[in-house]
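Below is one structure; the comments refer to it alone.
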Amino acid sequence: MVFSSLFFIFYFLPVALLLYFVSPKNQIRLIVLSAVSFAFYYIGEAQLLAVMLTSIVVDYFCGLALGASNNKPVKRKIILAISIAVNLLLLGYFKYFNFFTENIIALFSFIDLESNSLGSVSKIALPLGISFYTFQSMSYTIDVYRKAVEPARNFFKFCAYVSMFPQLIAGPIVRYKDVAKQLDKPNISTNNVAEGIKRFIIGLGKKVLIANAMAPVAEAAFALPPETLTMGMAWLGIIAFTLQIFFDFSGYSDMAIGLGQILGFKFPENFKFPYTATSIQDFWRRWHITLSTWFKDYLYIPLGGNRKGAYRTYLNLFIVFFITGMWHGANWNFIFWGLFHGMFLVIERLGWINFLKKMPKVIAHIYALLIVIVGWVFFNSGNLNESFVYLSKMFDVTNFSYKLHGLNLFINAKFLITLFVGLMFCTPIYYHFKTKIRKVLATDSVFGILKLLILLVIFALCVLAISSNSYNPFLYYKF
């Protein structure tokens with residue numbers, strides 16, 4: 001089930017909120033929140049709900065065991081190892097089994113060995129959001145081990161933390177220490193409900209009105225045979241995908257944060273205008289913030305961070321971004337994409353960042369955006385060969401043409417307007433206009449009415465678009 005579906009908006013969500021708000025006590029509210037979250041996941045995943053429940057049960061009891069063995073360091077390490085091992089085994093089996101099997105078959109074929117038995121192995125279904133909820137659950141036991149947080153004694157409190165439906169499928173990755181007190185006493189208020197609804201509608205608009213409008217052009221461009229793909233078409237396709245993935249994922253995050261606020265929870269922000277970055281370091285401080293900080297706190301720093309000399313720092317960065325690529329998907333393209341970003345982070349640490357700081361900001365912006373866009377080619381292609389072919393078309397100046405071939409079906413006034421709006425809203429320009437409009441209108445009440453009308457129009461347009469049964473899946477659901 002996706003947030004941008006009529007079933008979720010008009011059926012599931014009202015029932016879930018009604019049951020949640022009429023709950024007389026917080027303990028009952030936690031049970032209701034856990035139940036509706038399990039129902040949300042079951043509707044989309046059915047029996048794969050058991051995978052998430054396994055992670056919840058194991059980490060809940062590991063947390064209790066860690067809390068009961070404060071003065072037993074060896075035992076604590078064993079308990080933590082069990083928690084991490086179970087989570088990584090679940091993630092490894094369900095997400096990477098097919099990938100490893102396919103690569104072993106390819107290797108056997110290359111060296112002329114029989115692999116018939118492997119070829120008959122059944123494909124493993126990928127549970128939605130497994131990368132998100134395993135990282136979230138695993139961070140809890142690590143924090144309990146570090147004594148950064150007290151273990152959850154209430155099972156339903158921990159269930160609600162891991163399974164909370166707003167952020168269950170695609171984040172933001174929430175840490176237990178950030179919501180533990182909120183789970184005991186959520187900040188339920190009319191103001192939070194109103195602000196949450198506003199944030200949800202903004203996210204819905206990003207997803208349905210911008211990301212979905214960019215998707216057909218991006219998909220068509222990447223699906224074209226290489227011989228018909230011109231330089232202009234290649235750039236149009238990757239620009240469309242660059243906007244699609246940002247508004248798809250940031251739109252989901254906005255909806256998740258808004259739903260959390262309606263329920264009385266404050267989730268961390270996940271994006272901060274990443275396409276305005278002036279370096280790749282800056283980009284990763286702005287893109288998927290909860291994931292990059294997770295890797296920093298639970299992988300990069302434990303590996304030694306930048307405390308063990310320059311060469312070890314570079315190695316740590318490559319390890320982190322190799323894992324970042326793997327986290328995004330069981331595909332060599334994702335691994336290459338992660339290492340590609342890791343390489344530029346190392347280059348910047350080698351001194352390139354100092355040159356960037358001395359350059360005009362516009363040059364630094366162009367550099368960062370170009371690297372990010374090139375990286376998205378690997379992210380969106382089916383395999384490495386397709387990626388390099390697409391890139392060759394992007395930079396083949398001898399193949400420049402205004403002809404659109406298969407894309408002319410999608411290039412119209414609506415697409416061009418959406419493209420312009422998307423480019424504008426990748427920047428903080430909204431806040432500039434908001435200030436100007438507020439000054440013109442003079443009173444907050446008039447400005448408030450205008451905002452309400454705009455939100456109602458956005459919501460109505462989204463409902464109409466969803467009703468047309470057009471493209472609607474979330475890109476990050478597969479991660």
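In the numbering used here, the protein residues as written are 1 to 479.
Glycine included, every Cβ here is placed at the ideal spot set by N, Cα and C.
All figures in this text were calculated on a predicted structure; none of them were measured in a lab.
- Two segments are said to touch when three or more pairs of C-beta atoms, one from each, lie closer than 8 Å; by this definition the segment 274 to 289 touches the segment 362 to 382.
- Linking Lys123 to Val174 through their CA atoms gives a straight-line distance of about 31 Å.
- Gln281: member of the alpha helix (DSSP H) spanning 280 to 284, first to last residue.
- Runs of alpha helix (DSSP H) with 4 or more residues, each lying fully within the segment 237 to 284, are found at 280 to 284, listed in chain order.
- Here DSSP, grouped into helix, strand and coil, assigns Pro428 to coil.
- Straight across, the Cα-Cα distance linking Lys75 with Val57 is about 19 Å.
- Taking Lys157 as the centre and dropping the five residues before and after it, the same chain places the C-beta of Leu30, Leu183 closer than 7 Å to its C-beta, in chain order.
- For Asp59, the secondary structure class from DSSP, reduced to helix, strand or coil, is helix.
- Here Phe379 carries a helix assignment [DSSP, helix/strand/coil].
- With fewer than 16 neighbouring CB atoms inside 10 Å of its own CB, Ser189 falls in the exposed class.
- The beta carbon of Phe38 sits closer than 7 Å to the beta carbons of Leu49, Ser163 from its chain, once the five residues preceding and following it are set aside; these are given in chain order.
- With the rule of 3 Cβ pairs closer than 8 Å, the segment 76 to 88 counts as touching the segment 131 to 146.
- For Glu386, the enclosing alpha helix (DSSP H) begins and ends at 384 to 394.
- Gly205 and Ala194 have their C-alpha atoms spaced approximately 17 Å apart.
- Sequence-distant Cβ neighbours of Phe7 in its own chain, meaning closer than 8 Å and more than five residues away, are Met1.
- The count of Cβ pairs closer than 8 Å, one atom from the segment 239 to 253 and one from the segment 208 to 220, reaches three, so the stretches are in contact.
- A distance of 8 Å or more separates the beta carbons of Asn306 and His288.
- Contact between Val346 and Leu299 is ruled out by a C-beta separation of about 16 Å, above the 8 Å threshold.
- If you compare the alpha carbons of Ala413, Lys25, Leu384 with that of Lys185, the shortest gap goes to Lys25.
- Val149 and Tyr176 have their C-alpha atoms roughly 8 Å apart.
- A straight line joining the alpha-carbon of Met394 with that of Met231 spans about 5 Å.
- Within the segment 164 to 251, the runs of alpha helix (DSSP H) that reach at least 4 residues and sit entirely inside it are, in chain order, 165 to 168, 176 to 184, 190 to 205, 212 to 223.
- Residue nearest to Cys159 within the set Gly63, Thr313, Leu464, Gly375 is Gly63 (criterion: CA-CA distance).
- A Cβ-Cβ separation of about 7 Å places Ser131 in contact with Leu91 under the 8 Å criterion.
- Straight-line measurement puts the Cα of Gly375 at about 11 Å from the Cα of Gly325.
- Taking a C-beta distance under 8 Å as the contact criterion, Phe321 and Gly342 qualify as a contact pair.
- In this structure, Pro172 sits near Thr290, with a CB-CB distance shorter than 8 Å.
- Leu419 and Val389 have their C-alpha atoms spaced approximately 25 Å apart.
- Cα atoms of Leu18 and Asn187: separation of roughly 16 Å, rounded to the nearest angstrom.
- By the Cβ neighbour-count rule, Asp396 is exposed, with fewer than 16 other Cβ atoms within 10 Å of its own.
- Close CB contacts of Ile323 within its chain, under the 6 Å cut and outside five residues either way in sequence, are absent.
- When secondary structure is reduced to three states using DSSP, Pro127 falls in the coil class, being assigned neither helix nor strand.
- Within the same chain, and ignoring the five residues on either side of Tyr96 in sequence, the residues whose Cβ sits closer than 8 Å to its Cβ are Met326, Ala330.
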